[in-house]
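Read the structure below first, then the notes.
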Amino acid sequence: MAIPHPIIAVVDDEPAVRAMLQRALRLAGYHAEAFATGQEFLAALAHRRPDCVILDMHMPGLSGLDVAQQLSGRQLHLPVIFITASDEVSIDGRTDPATTVGLLRKPFPSDTLFEAVEAALRIKARGAED
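Heads up: the sequence shown begins at 1 in the UniProt record's numbering, then just goes up one per residue.
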């Protein structure tokens, strides 16, 4: 079941990364919304809920893991794709396996990003069927 005009949230504190991801996603036919902080993203959920979220692991304030934990605590079962520039980061045992798509290490090819987004949308579609 395809989701019409999927909304992908991009949460990253680096403006260049946000802009690049938002542009790549839009060119691939997704609706992409960008947020500079985890707090900004969580506040926006009151108005619109995306189909999946791309979360940077390291941000000032709330980290990507902090945001994912808040999503889980609010019972918002949004598929999450984590991204990081660090080789030292692991998400093993620290995220909800039902909604975590994976961890992409920057820089990553567009194809890898799109595969992760499609996997996230499949998770979202399965959740809608339950």
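Built from N, CA and C at the ideal position, the CB exists for glycine as well. Everything numeric in this text was worked out from a predicted model, so none of it was measured.
For the candidate residues the options, whose alpha-carbon lies nearest to that of residue i?
i      : options                      : result
Pro6   : Arg48, Val17, Arg18          : Arg48
Gly64  : Gly73, Arg74, Val53          : Val53
Met57  : Leu121, Leu78, Glu115, Gly38 : Gly38
Ala34  : Ala9, Ser110, Arg74          : Ala9
Ile91  : Met20, Val11, Leu55          : Leu55
Arg105 : Glu88, Asp96, Ile83          : Ile83
Asp66  : Ala44, Ala85, Asp96          : Asp96
Ala85  : Ser72, Pro107, Gln70, Leu71  : Pro107
Is it right to say residue i is buried, meaning 16 or more other beta carbons lie within 10 angstroms of its own, or is it exposed?
i           : result
Pro50       : buried
residue 132 : Here the chain has residues from 1 to 130 only, and residue 132 is not among them.
Arg94       : exposed
Phe41       : buried
Pro60       : exposed
Pro79       : buried
Leu27       : exposed
Whole angstroms is fine: what's the gap from residue i's alpha carbon to residue j's?
i      : j      : result
Ala68  : Val117 : 16 Å
Ala125 : Pro15  : 30 Å
Leu76  : Ala98  : 12 Å
Arg74  : Val101 : 19 Å
Ile81  : Ile123 : 12 Å
Phe114 : Ala120 : 10 Å
Arg87  : Val11  : A small fix is needed here, since residue 87 is Asp in this sequence, not Arg. Going by the C-alpha atoms only, they are around 19 Å apart.
Ser72  : Leu45  : 13 Å
Asp13  : Leu62  : 11 Å
Tyr30  : Leu21  : 11 Å
Gln70  : Arg23  : 27 Å
How close, in whole Å, do the beta carbons of residue i and residue j come, if the pair is a contact with beta carbons under 8 Å?
i     : j     : result
Ala32 : Leu25 : 4 Å
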